[in-house]
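Chemist: This is the structure I have questions about; it appears just below.
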Amino acid sequence: MHFISPVLWQFLIKWLTNFAIFPPEASRIAPDVDAFYFYLIGISVVGLVIVGLLVGVFSVRYRKERNPEATQIEGSTLLEATWTIIPLALFMVSFVWGALLYFRIYNPPTNAMNVYVVGKQWMWKVEHPGGQHEINSLHVPINRPVQLTMISQDVFHSFSIPAFRVKREVIPGRYSTVWFEATAPGTYHLFCTQYCGTLHSQMIGQVVAMTPDDYQAWISGSTSGTSLAQNGERLFAALGCNSCHNGTPNAHGPSLANVIGSQVQLANGTYTTATDAFVRDSILNPTLHQVAGYAPIMPTYQGQVSEEGLISLVEYIRRLDSNYRIDQTLNVSETGAGSDAAPASGTSTSTASGMVKQ
Amino acid sequence: MSTIVSLPDQSTATLPKVSYLNKEYGLKSWLLTGDHKRIAILYLISITFFFFIGGAMAGLIRLELLTPASDLMAADTYNKVFTMHGIIMVFLFLVPSVPATIGNFLIPIMVGAKDLAFPKINLLSWYLYIAGGILLMTALISGGVDTGWTFTTPLSTHYLNTHVITAGLAVFVAGFSSIFTGLNFIVTIHRMRAPGMTWFRLPLFVWSHYAASILMVLGTPVLAITLVLVILERTIGIGVFDPAKGGDPLLFQHLFWFYSHPAVYIMILPGMGVISEVISTFSRKRVFGYTAVAFSSVAIAVFGFFVWAHHMFIMGVSNYSALVFSLLTMLVAVPSAIKIFNWAATLYKGSITFETPMLYAFGFMGLFTIGGLTGVFLGSLGMDIHLTETYFIVAHFHFVMVGGMLMAYLSGVHFWWPKMTGRMYPEGLSKLAAVTTFIGFILTFFPQFILGYLGMPRRYAAYPPEFQVLNVFSTAGASVLGVGYLLPLLYLTWSLKYGAIAGANPWQATGLEWQIQSPPLTENFVETPIVTHEAYDYEWLAHKTEHDEVETVG
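Protein sequences, first through last, are from chains A and B.
First residue of the first sequence? That's 1 in full-length UniProt numbering, and the numbers climb one at a time after it.
First residue of the second sequence? That's 1 in full-length UniProt numbering, and the numbers climb one at a time after it.
Structure representation (structure tokens):
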């Protein structure tokens, strides 16, 4: 090394560390996406070489000095059919291969753990079901499918993790999902790739993929004390949802126990599957999916609940498997010493149910 | 069948005494002209002006990206600069580039007519273009606009307090200029062909302009209405795109791309027309498979309308509609492949020379092939997820639009410069410019494919340090590219006075435009031509030059 000037050496090192040419492969899907990428590069190189050879060879062979007389040729249907069908066939392979990957990337497996993401100008807020909150970072375990349910509270954003080869638009007013299974522990880039205003290029963060043990340690070390579902239960009571959605036979609203994932009959007679988005829409715009058998009397909660609040409510309803606890919160709000604010004022439901038992 | 075509001796050529350039003098005779050739020159000057403003913006973008931190300008300024670069280059340069200048000049002559069908509407289209340009400059000078050229809602409607309305109006007004140009071309090509000029005797340049005109007339109104909706949403809050009012923010993108994808073909098809003419002329051979090339233009125009949602694969459109749009995208790639192979086959058994327009055309073929094939990457659903919204997209559309369209435009400008001005450009310097442009282009945009696969998002003022070296390459390439574009500006201006006199048909090309004097008369033809030969009939040309001299008047 003594024969290279130290300045030049430093310069080279600096250049080489700043000269990435291929992203890390850190998810289950990444090697498959890369394989497809190399196929596409392969057909591109072949196509380019053929065009280059044709132009190059003809330019040399038929330049005016060597070939002063041009021979007029009409065309050739056979040749033209050849260079129509072969590219078409190669493109069809790309189409099928690409479609198979797309369906894999955008259809999460049923056992995926769910994490919520809210995008806003210019940060990512991540909500784990256990109540862990993160800003501009996302901790995930490796070797376990993770589904992200994402929504924007202002403009379009896009959640991109290049090392996992996944990306999905984060849309205002609509849940979108993406899933991945990290395979290599490490810290990876998280980008917002949809232009979202002034500080778009600072809407970045990191995805930390951890071994299951490290992940467990992180989960228990950063809990806020209340899970999303517990938060949701509080909101449920505070907004008075329980006065109608309590599961009793004469309730004004449909029972919400086990509703997510079930078939619901709408007032127009059709059936639809209740999803996260269905529940969110029904809170903000109740008549959008009017459920059969109920009068359209529910007021809108537009502007009263934040996106995080809606996520808590959705998570609460997702985990609601009986109306037993709703009965209890209902009792609390009725016996709450006449104060409407009582259930909302931070009284945790565990103490509330304690009150009922007395 | 074989043909020898020898170039005429240009040392004896003289400038005609009367031409469209010296028939009348004075600013008024230009600003109130109905002559398609003079309007073409007006367009040429104005789009060159906007090209260099847009190019300066590109230079600022590349300078900012030399270093990872956002240090040359504030993030806000950067956003305004790339927005202005996009709007100027797309709406004020690429859309009018070939059609409004070269097309305006040549379509009537190529079909054997005196002028376009509606000369006053043609002039109006230039005034609308200028009005759009002035509005956009107003937006720029009064503080700029930072929506991105895509005007995406709800960012553009609710979250920005820059001059969105002025910029939107600018694009709205400029859009009508392209509708009028398209309308004029369609009517002229249908109704004003000279006797004997059948559809299949038309030069391929005319076919590709016909296809592009259909896209302009059918597509541009959709963009106009969409921008009006954005403006109404901003001013009185009608709520078409606002989710809080029951609107759909994705609807905007459907409407926007319904125009803006066909717009890509509006930009590239006329360029493909130029390449057909140039390749045929400099290999002295008819275009291989004329009908296939003609119909592939029409096929691109038709399929081009049904692929818009491939810009939205990651936006939560239904999986099945994504499937359909991906399939159609693959289909639209095929006619472009046919064209490339047919041009390559045109060279076979030709008698090829390598003048500047031909070098630019070769540049086009290489760069457009890369641009087209990387489009297949993006049209493939699973690959698009990783590549969209990154520098891969940026590289892809610059390969098609700059590597393809701008190369074709420069090829055409050099090819028809003798016809437009009556003088030759300097051959040596212009070859240097063609090679410089090609090298600069590759150096600028090829590293961006790699950056895109690494995941570097587009429209970022700052980026992680490991992307720096590739960005340095790109910026270095941009400075070479800048030289490549400045050279023609200088030597073409120089050639107006000092260039060699061209004569009527310096390339011995077969088109009708080459059978009349350079520069042409205001009326184009002394008497209505009667067409008895097909396009690219070099036998007819050899036979013709044996017998009679080209007529000039005066």
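No residue lacks a Cβ here, since even glycine has one placed at the ideal position from N, Cα and C.
1. Does the beta-carbon of Pro108 of chain A have 16 or more other beta-carbons within 10 angstroms, so that it is buried, or is it exposed?
2. List, in chain order, every chain B residue whose beta-carbon is nearer than 7 Å to that of Ala70 of chain A.
3. Indicate whether at least one CB of chain B lies closer than 8 Å to the CB of Ala15 of chain A.
4. Does the CB of Glu80 of chain A have a neighbour CB from chain B at under 8 Å?
5. Using 8 Å as the cut-off, can you tell me whether the stretch 236-244 of chain B makes contact with the stretch 265-283 of chain B, which would need three or more C-beta pairs spanning the two stretches below that distance?
6. I'd like to know whether the C-beta atoms of Phe180 of chain B and Ile121 of chain B end up nearer to each other than 8 Å.
7. Whose C-alpha, out of A:Met210, A:Arg280, A:Glu74, is nearest the C-alpha of Thr183 of chain A?
8. Of all Cβ atoms in chain B, is any one closer than 8 Å to the Cβ of Glu169 of chain A?
9. Just checking: is the beta-carbon of His398 of chain B within a distance shorter than 8 Å of some beta-carbon in chain A?
10. Going by DSSP in three states, Gln265 of chain A sits in which element: helix, strand or coil?
11. For Ile450 of chain B, count neighbouring Cβ atoms within 10 angstroms of its own Cβ and tell me buried if that reaches 16, exposed if not.
12. Among the candidates A:Ser27, A:Glu74, A:Thr287, whose CA atom is the shortest distance from the CA of Thr291 of chain B?
13. Do Gly455 of chain B and His189 of chain A come within 8 Å of each other at the CB atom, strictly closer than that value?
14. If you check the beta carbons only, do Tyr106 of chain A and Tyr348 of chain B fall under 8 Å apart?
15. Sorry if obvious, but does the Cβ on Ala535 of chain B come closer than 7 Å to a heavy atom of the ligand SAM?
16. In the DSSP output, what is residue 359 of chain A paired with across the bridge?
17. Could you work out which residue in B:Leu251, B:Ile275, B:Ala344 is closest to Phe288 of chain B when comparing CA atoms only?
18. Does the Cβ of Tyr116 of chain A have 16 or more other Cβ atoms within 10 Å, making it buried, or fewer, making it exposed?
19. Identify each residue in the stretch 49-77 of chain B for which the Cβ-Cβ distance to at least one residue of chain A is less than 7 Å, and report them in chain order.
20. If we cut at 8 Å on Cβ distances, does Ser326 of chain B have a partner in chain A?
21. Would you identify the three-state DSSP class for Leu15 of chain B, choosing helix, strand or coil?
22. DSSP beta-bridge partners for Tyr25 of chain B?
23. Along the chain, where does the beta strand (DSSP E) containing Asn114 of chain A start, and where does it finish?
24. Residues of chain A with CB closer than 8 Å to the CB of Glu355 of chain B, please, in chain order.
25. Taking C-beta to C-beta, are Leu387 of chain B and Val18 of chain B nearer than 8 Å?
26. Can you find a CB in chain A that lies within less than 8 Å of the CB of Gly289 of chain B?
27. Just to confirm my understanding: we take Ala433 of chain B, look at its own chain, exclude 5 residues before and 5 after, and list those with CB closer than 6 Å. What are they?
28. Going straight from the alpha carbon of Leu223 of chain B to that of Thr444 of chain B, what length do you get?
29. Which of the residues in the stretch 43-54 of chain A, read from start to end, lie with their CB under 8 Å from any CB of chain B?
30. Can you give the Cα-Cα distance for Thr188 of chain B and Tyr259 of chain B, rounded to whole angstroms?
31. Taking its Cβ as the centre, do 16 or more other Cβ atoms sit within 10 Å of Val553 of chain B, making it buried, or is it exposed?
32. Answer yes or no: does any C-beta atom of chain B fall closer than 8 Å to that of Leu138 of chain A?
33. With 16 as the cutoff for other CB atoms within 10 Å, does Tyr320 of chain B come out buried or exposed?
34. Please classify Leu255 of chain B: is it buried, with 16 or more other beta-carbons within 10 angstroms of its beta-carbon, or exposed?
35. Output, in chain order, the set of chain B residues within a Cβ distance shorter than 7 Å of Gln194 of chain A.
36. Show which residues of chain B have a CB atom less than 7 Å away from the CB atom of Phe191 of chain A.
Modeler: The relevant details are as follows:
1. Start at 1 with the first residue of the first sequence, and residue 108 of chain A comes out as number 108. Burial call: buried.
2. Along the first sequence, read from residue 1 onward, the residue named residue 70 of chain A stands at position 70. Ordered by position in chain B, the residues that pass the 7 Å Cβ test against Ala70 of chain A are Ser2, Thr3, Ser283, Arg284, Lys285, Lys349, Gly350, Ser351, Tyr538.
3. Locating residue 15 of chain A in the first sequence gives position 15, where the first residue counts as 1. Here the sequence assigns Trp to residue 15 of chain A, which means Ala is not the residue at that position. Taking Cβ atoms only, chain B reaches closer than 8 Å to Trp15 of chain A, which makes this a yes.
4. Walking along the first sequence from the start, residue 80 of chain A turns up at place 80. Yes, its Cβ sits closer than 8 Å to a Cβ of chain B.
5. Touching, no, given that fewer than three Cβ pairs across the two stretches are closer than 8 Å.
6. As a working note, residue 180 of chain B is residue 180 in the second sequence. As a working note, residue 121 of chain B is residue 121 in the second sequence. Taking 8 Å as the Cβ cut-off, Phe180 of chain B and Ile121 of chain B qualify as a contacting pair.
7. For the purposes of this step, residue 183 of chain A is taken as residue 183 along the first sequence, with counting starting at 1. Per the Cα distances, A:Met210.
8. Within the first sequence, residue 169 of chain A is the residue found at index 169, counting from 1. Yes, its Cβ sits closer than 8 Å to a Cβ of chain B.
9. Counted from its first residue, the second sequence places residue 398 of chain B at position 398. Judged by the 8 Å Cβ criterion, His398 of chain B is not in contact with chain A.
10. The residue labelled residue 265 of chain A in the question sits at position 265 within the first sequence. Strand at Gln265 of chain A.
11. As a position in the second sequence, residue 450 of chain B is number 450, starting the count at 1. So Ile450 of chain B counts as buried.
12. By 1-based counting over the second sequence, the position of residue 291 of chain B is 291. Of A:Ser27, A:Glu74, A:Thr287, the residue nearest in Cα terms is A:Glu74.
13. Sequence index remark: in the first sequence, residue 189 of chain A carries index 189 (1-based). Sequence index remark: in the second sequence, residue 455 of chain B carries index 455 (1-based). By the CB criterion at 8 Å, His189 of chain A and Gly455 of chain B fall inside the cutoff.
14. The sequence position of residue 106 of chain A within the first sequence is 106, counting from 1. The sequence position of residue 348 of chain B within the second sequence is 348, counting from 1. A distance of 8 Å or more separates the beta carbons of Tyr106 of chain A and Tyr348 of chain B.
15. Annotation note on the ligand SAM: not contained in the displayed structure, which lists no ligands.
16. No information on residue 359 of chain A is available, as it lies outside the stretch 1 to 358 that chain A covers here.
17. Residue numbering aside, residue 288 of chain B sits at position 288 when the second sequence is read from its first letter. Minimum Cα distance to Phe288 of chain B is reached at B:Ala344.
18. Locating residue 116 of chain A in the first sequence gives position 116, counting from the first residue. So Tyr116 of chain A counts as buried.
19. Those residues of the stretch 49-77 of chain B that come within reach of chain A (Cβ to Cβ, closer than 7 Å) are Ser70, Ala75, Asp76.
20. For the purposes of this step, residue 326 of chain B is taken as the residue at position 326 of the second sequence. For Ser326 of chain B, the answer is yes, since a Cβ of chain A falls inside 8 Å of its Cβ.
21. Within the second sequence, numbered from 1, the residue matching residue 15 of chain B stands at position 15. Looking at Leu15 of chain B - three-state DSSP - the assignment turns out to be coil, as it is neither helix nor strand.
22. Locating residue 25 of chain B in the second sequence gives position 25, where the first residue counts as 1. Per DSSP, none; premise fails for Tyr25 of chain B.
23. Mapped onto the first sequence, residue 114 of chain A falls at position 114. Its beta strand (DSSP E) spans residues 113-120.
24. Against the second sequence, residue 355 of chain B aligns to sequence position 355. The contacting residues do not exist; Glu355 of chain B stays about 11 Å from chain A at best.
25. Residue 387 of chain B sits at position 387 when you count from the first residue of the second sequence. Residue 18 of chain B sits at position 18 when you count from the first residue of the second sequence. Judged by their CB atoms, Leu387 of chain B and Val18 of chain B are not nearer to each other than the 8 Å cut-off.
26. Translated into the one-based positions of the second sequence, residue 289 of chain B becomes position 289. By this cut-off, Gly289 of chain B is an interface position.
27. Reading the second sequence from its first residue, position 433 is the one you call residue 433 of chain B. If we look at Ala433 of chain B and ignore the five residues flanking it on each side, its Cβ neighbours are Gly484, Leu487, Pro488.
28. Reading the second sequence from its first residue, position 223 is the one you call residue 223 of chain B. Reading the second sequence from its first residue, position 444 is the one you call residue 444 of chain B. Looking at the two C-alpha atoms, the distance is approximately 31 Å.
29. Listed by position along the chain: Ile43, Ser44, Gly47, Leu48, Val51, Gly52, Leu54.
30. Counted from its first residue, the second sequence places residue 188 of chain B at position 188. Counted from its first residue, the second sequence places residue 259 of chain B at position 259. Near 24 Å, if we compare the C-alpha coordinates of Tyr259 of chain B and Thr188 of chain B.
31. Counted from its first residue, the second sequence places residue 553 of chain B at position 553. The predicted model places Val553 of chain B with a pLDDT of 45, which falls under 50 and marks its position as unreliable; any figure quoted below should be read in that light. Around the beta carbon of Val553 of chain B, fewer than 16 other beta carbons sit within 10 angstroms, so the residue counts as exposed.
32. Taking the first sequence and counting its residues from 1, one reaches residue 138 of chain A at position 138. Under the Cβ distance rule, Leu138 of chain A does not count among the residues neighbouring chain B, no pair being separated by less than 8 Å.
33. Residue numbering aside, residue 320 of chain B sits at position 320 when the second sequence is read from its first letter. So Tyr320 of chain B ends up on the exposed side.
34. Taking the second sequence and counting its residues from 1, the one referred to as residue 255 of chain B is at position 255. Buried, since its Cβ has 16 or more Cβ neighbours within 10 Å.
35. On the first sequence, position 194 is the one that residue 194 of chain A refers to. Residues of chain B passing the Cβ test: Glu389.
36. Looking up residue 191 of chain A in the first sequence gives position 191. The answer, in chain order, is Gly455, Pro457.
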